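Q:
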Amino acid sequence: MQHCVLIADDYQKNNTDLIFKLRDKEFSGSRFIFAQYSNAFKSKDNFLKKVYEIKARNISSDSFQDFLNACHGKPFLINSDNVYDFQLLAEEFDVPSIQDEITKYYQRNDVDTMLNDILKYRNYNLENQTKKAESSNRNNTEKNDEKYDEKNTERNDEKNDERNDEMNDEKYDEMNDEKNDERNDEKYDEKNDEKYDEKNDEKYDEMNDEKYDEMNDEKYDEKNDEKNYNFEINLNDYIVYLATEKLSEALESSLMFKLDIDLLNMIFEYPHRSKQNESKVFEFAKKLKVHCNYDISSILQTIDIELLSIEQIVEFSQPEYCPKTVYSEKVFPLIFKILNDVQKQTEKIADLHNEIENLENSLNKANDRIYLITSQAEQMKKQNDEINLTIENTNKELRILTKMNHNLEKIIADSIIIKDSNYMYQFDQLRGIIYNDAKQIYENRDFNLEKYIEIITPIPEDPNFPKTNLIEYEPPYLDLSYYLKVPKSEDNWLTIHFKKKRLSLHAFTLRTNALGQTLSHPKRFEIFGSNDNKNWSSVYEYEDSQNILLGEKITRFFRLSKLSDFYSYFRYRQYESHISYIDSDRIISLSAIEFFGICSTI
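Under UniProt numbering, the sequence shown has 365 at position 365, and the numbering climbs by one with no breaks.
1) Could you check how far apart the C-beta atoms of residue 437 and residue 591 are, in whole angstroms? I think they sit under 8 Å.
2) Per the DSSP calculation, residue 493 is bridged to which residue(s)?
3) As an exercise, report each continuous alpha helix (DSSP H) stretch of at least 4 residues that is fully enclosed by the region 232-295, in chain order.
4) Express the C-alpha separation of residue 500 and residue 550 in angstroms, rounding to a whole number.
5) Is it the case that the Cβ atoms of residue 558 and residue 504 are separated by a distance below 8 Å?
6) Am I right that residue 580 and residue 520 are in contact with their C-beta atoms under 8 Å? What's the rounded C-beta distance?
7) At what residues does the beta strand (DSSP E) containing residue 34 begin and finish?
8) Please report the straight-line C-alpha distance between residue 41 and residue 134, rounded to a whole angstrom.
9) If you compare alpha carbons, which of 99, 539, 466, 471 is closest to residue 234?
10) Quick check: what's the CA-CA separation for residue 43 versus residue 69?
11) For residue 60, which of helix, strand or coil comes out of DSSP?
12) Taking the alpha carbon of residue 282 as the reference point, which residue from 542, 22, 304, 118 has its own alpha carbon closest?
13) Is residue 115 near residue 256, with beta carbons less than 8 Å apart?
14) Taking Cβ positions, are residue 524 and residue 552 nearer each other than 8 Å?
15) Tell me which same chain residues have a C-beta within less than 6 Å of the C-beta of residue 265, skipping the five on either side of it?
16) Nearest-angstrom Cα distance between residue 295 and residue 289?
17) Cβ atoms of residue 456 and residue 594: under 8 Å apart, would you say?
18) Out of 578, 532, 534, 66, point me to the one whose CA is closest to residue 548's CA.
19) By Cβ distance below 8 Å, which residues in the same chain neighbour residue 477 in space, the five residues on each side in sequence not counted?
20) In whole angstroms, give me the CA-to-CA distance for residue 87 and residue 309.
21) Between the alpha carbons of residue 491 and residue 443, how many angstroms are there, rounded?
22) Please name the residue, chosen from 61, 450, 341, that lies closest to residue 471 on a Cα-to-Cα basis.
23) Quick check on this structure: which residue in 473, 483, 454, 475 has the alpha carbon closest to the alpha carbon of residue 466?
24) Figure out for me which residue from 236, 560, 572 has the closest Cα to the Cα of residue 598.
25) Any heavy atom of the ligand GDP inside 7 Å of the beta-carbon of residue 75?
26) Buried or exposed: which applies to residue 369, given that a residue is buried once 16 or more other Cβ atoms fall within 10 Å of its Cβ?
27) Can you tell me where the beta strand (DSSP E) holding residue 435 begins and where it ends?
28) Give me the Cα-Cα distance between residue 572 and residue 527, rounded to the nearest whole angstrom.
29) Look at the alpha carbon of residue 123 and the alpha carbon of residue 19, and state the distance between them as a whole number of angstroms.
30) Looking at C-alpha atoms only, which residue of 267, 272, 515, 493 is the closest neighbour of residue 575?
31) Counting along the chain, where does the alpha helix (DSSP H) carrying residue 108 start and finish?
32) Three-state secondary structure (DSSP) at residue 23?
33) Residue 509: buried (16+ other C-beta within 10 angstroms of its C-beta) or exposed?
34) Measure the C-alpha to C-alpha separation of residue 313 and residue 279 and round it to an integer number of angstroms.
35) Leaving aside the five residues before and after residue 399 along the sequence, list all residues of the same chain whose C-beta is less than 6 Å from its C-beta, in chain order.
36) Per DSSP, what kind of secondary structure is residue 216 in: helix, strand or coil?
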């Protein structure tokens, strides 16, 4: 099988059994390979030709060579210099793959590029149509001339026969009358007849040669002309692309005004034309009428009136623009829309009347109240002096009370801060509230820490990594780590419960685990506060964008911008780890957590 493929490839590469003639140049190629790309060469008539004359004679030699290479599997590039020639050749040889590349070229470029080339293709088609019409008229004229010449020839032959008969009769009479002169006359006549026949034959031959040459020249020219205009460029793909994909951009291009009305009608009458810019279509049609004096009735009939603005609908209905016939399928939806709008407006008016009625009732009630207030004004005026005096005295007392309240608050705040100052940050990131509570408890020989602090987890702890490891702050227990893996990412949390106090959080410390460089070191986490373990408020949120917690046994102190509210529950919720893997958002592993702030005993 591989051997056959190599043979076929060698045949395709080396076989150049097809000659293309473009004006005075010849190009060689393989009919076998060329027919794989060209549908036109799959027909028997073209495939068996040894020499093929290019019909599109106005193309450049370089463009045809690039086209021929493309139809032999070689790389090619469509650009502004060769797209016109490639379009002519793709149309003549029916090469879908190149036609697709031309379409992609226009899709990559702006709409002006496509419109410019459409104008070129359209002019090419119109020129061909003109040549066809001229050729048809010329053929009809030649046929009429031939018929006329035949009739004249018959008439001349008849006249010559009559003259010859007359001459023969005269000669016959002369022969009977004058025998001596007869011989001389016969000799003279023979010579004259021979000379006359020779001259007539020469003239006849010259006339026939000239006519024959003229006919051959005309036929040759006609054949060459037919090669140019026996195919036209199909613009349907460009019309469809403009109508469906690029209509909005095309309507803003000045080149649209250079298209003839037939092309414009093809664009706007396309059944699946884009309807997103009906207002632009109407405005374009108006400008087209002014600038080009075109009959725009066909374009206006394609507009979906329902999508126009109210002002445009009014303008559309004027005799200057409104088509003589508007299809009911366009009018009735518009009427239905107008009726719906009228109904909605009627309902809004009814609602507005109700609101006005309610407003009138409210105004009447307000007037009644104003009347009552006015009637009491005199009594209130009498009491005004007494009230003003009372207000002045009250304001004095209020200022005194306010000052006393500020002093009292300052005294209370100072006493709290002084009392619990050891819970604020004291230059040791791991000696905060929990450390000091544990120290006091142990000094009082009360070794039951769980009466004061509780660590709550969503699932039971792993005995190998107990949660009490989180509150060991001194060697050799400092590196003991806590580890918890939960089934769901939303349960990736732990809660510290202060059973006998509430804390206004000022700062906290985290220390990463000692289990390795990649195991669930926190990247994004949040601290919440609560007083019932149900309703939570965010206290602090952090994302480690600088990787300060990436690694084991790292201690970091985090300070809040201001003191939080007082809470007895604080929840640490971890969302994301530094090293991502399949369950990294379901694991918490720390070696220590500590809190700093102001405490209030419950």
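Cβ coordinates follow ideal geometry from the N, Cα and C atoms, glycine included. For clarity, every value in this text was computed on a predicted model and none was experimentally measured.
A: In short:
1) Residue numbering aside, residue 437 sits at position 437 when the sequence shown is read from its first letter. Residue numbering aside, residue 591 sits at position 591 when the sequence shown is read from its first letter. With 8 Å as the limit, residue 437 and residue 591 do not qualify as a contact, their Cβ atoms being about 19 Å apart.
2) What you label residue 493 is simply residue 493 of the sequence shown in a count that begins at 1. Paired residue(s): 573.
3) With a minimum length of 4 residues, the continuous alpha helix (DSSP H) runs that stay inside the region 232-295 are 236-244, 247-251, 261-268, 278-292.
4) Translated into the one-based positions of the sequence shown, residue 550 becomes position 550. Translated into the one-based positions of the sequence shown, residue 500 becomes position 500. So the two alpha carbons sit approximately 35 Å from each other.
5) On the sequence shown, residue 558 is found 558 positions in, with the first residue counted as 1. On the sequence shown, residue 504 is found 504 positions in, with the first residue counted as 1. Not closer than 8 Å, so no.
6) Working through the sequence shown from its first residue, we reach residue 580 at position 580. Working through the sequence shown from its first residue, we reach residue 520 at position 520. Rounded, the Cβ-Cβ distance is 10 Å, inconsistent with contact.
7) Residue numbering aside, residue 34 sits at position 34 when the sequence shown is read from its first letter. No beta strand (DSSP E) contains residue 34, which is instead part of the alpha helix (DSSP H) from 31-37.
8) Taking the first residue of the sequence shown as 1, we reach residue 41 at position 41. Taking the first residue of the sequence shown as 1, we reach residue 134 at position 134. Taken atom to atom, the span from the alpha-carbon of residue 41 to that of residue 134 is near 30 Å.
9) Position 234 of the sequence shown, counting from 1, holds the residue named residue 234. For residue 234, the closest C-alpha among the options 99, 539, 466, 471 is that of 99.
10) Working through the sequence shown from its first residue, we reach residue 43 at position 43. Working through the sequence shown from its first residue, we reach residue 69 at position 69. Going from the Cα of residue 43 to the Cα of residue 69 covers about 21 Å.
11) By 1-based counting over the sequence shown, the position of residue 60 is 60. When secondary structure is reduced to three states using DSSP, residue 60 falls in the coil class, being assigned neither helix nor strand.
12) As a first step, residue 282 must be located in the sequence shown, where it is residue number 282. If we check each option's Cα against that of residue 282, 304 comes out closest.
13) Position 115 of the sequence shown, counted from the start, is the residue given in the question as residue 115. Position 256 of the sequence shown, counted from the start, is the residue given in the question as residue 256. Annotated as proximal: residue 115 and residue 256, with beta-carbon spacing under 8 Å.
14) Taking the sequence shown and counting its residues from 1, one reaches residue 524 at position 524. Taking the sequence shown and counting its residues from 1, one reaches residue 552 at position 552. At a Cβ-Cβ threshold of 8 Å, residue 524 and residue 552 do not count as neighbours.
15) Here residue 265 is taken as the residue at index 265 of the sequence shown, counted from 1. 298.
16) For this step, residue 295 is matched to residue 295 along the sequence shown. For this step, residue 289 is matched to residue 289 along the sequence shown. Approximately 7 Å between the Cα atoms of the pair.
17) Counting from 1 along the sequence shown, the entry for residue 594 is found at position 594. Counting from 1 along the sequence shown, the entry for residue 456 is found at position 456. Cβ atoms of residue 594 and residue 456: not closer than 8 Å.
18) Position 548 of the sequence shown, counted from the start, is the residue given in the question as residue 548. Closest by alpha carbon: 578.
19) Walking along the sequence shown from the start, residue 477 turns up at place 477. For residue 477, where only same-chain residues beyond five positions count, the Cβ hits under 8 Å are 469.
20) On the sequence shown, position 87 is the one that residue 87 refers to. On the sequence shown, position 309 is the one that residue 309 refers to. For residue 87 and residue 309, the distance between alpha carbons rounds to 41 Å.
21) As a working note, residue 491 is residue 491 in the sequence shown. As a working note, residue 443 is residue 443 in the sequence shown. Answer to the nearest angstrom: the Cα atoms are 36 Å apart.
22) Mapped onto the sequence shown, residue 471 falls at position 471. Of the candidates 61, 450, 341, 450 places its Cα closest to the Cα of residue 471.
23) Taking the sequence shown and counting its residues from 1, one reaches residue 466 at position 466. Closest by alpha carbon: 483.
24) Residue numbering aside, residue 598 sits at position 598 when the sequence shown is read from its first letter. Here the closest residue by C-alpha is 560.
25) Annotation note on the ligand GDP: not contained in the displayed structure, which lists no ligands.
26) For the purposes of this step, residue 369 is identified with residue 369 of the sequence shown, where counting begins at 1. Residue 369 should be labelled exposed.
27) Residue numbering aside, residue 435 sits at position 435 when the sequence shown is read from its first letter. Residue 435 -> not in any beta strand (DSSP E); alpha helix (DSSP H) instead, spanning 433-443.
28) Translated into positions along the sequence shown, residue 572 becomes position 572. Translated into positions along the sequence shown, residue 527 becomes position 527. One alpha carbon belongs to residue 572, the other to residue 527, and they sit about 5 Å apart.
29) Start at 1 with the first residue of the sequence shown, and residue 123 comes out as number 123. Start at 1 with the first residue of the sequence shown, and residue 19 comes out as number 19. Cα to Cα, the separation comes out at about 30 Å.
30) One-based indexing of the sequence shown puts residue 575 at position 575. Among 267, 272, 515, 493, the Cα nearest to that of residue 575 belongs to 493.
31) Walking along the sequence shown from the start, residue 108 turns up at place 108. Here the alpha helix (DSSP H) through residue 108 covers 96-108.
32) For the purposes of this step, residue 23 is taken as residue 23 along the sequence shown, with counting starting at 1. Note: residue 23 maps to coil in three-state DSSP.
33) Counting from one through the sequence shown, the residue named residue 509 turns up at place 509. Flag for residue 509 reads buried.
34) As a first step, residue 313 must be located in the sequence shown, where it is residue number 313. As a first step, residue 279 must be located in the sequence shown, where it is residue number 279. Spanning the two alpha carbons is a distance of roughly 10 Å.
35) Position 399 of the sequence shown holds residue 399. For residue 399, where only same-chain residues beyond five positions count, there are no Cβ hits under 6 Å.
36) Against the sequence shown, residue 216 aligns to sequence position 216. Confidence at residue 216 is low in this model, with a pLDDT of 45, below 50, so the placement of that residue is unreliable and no value is reported for it.
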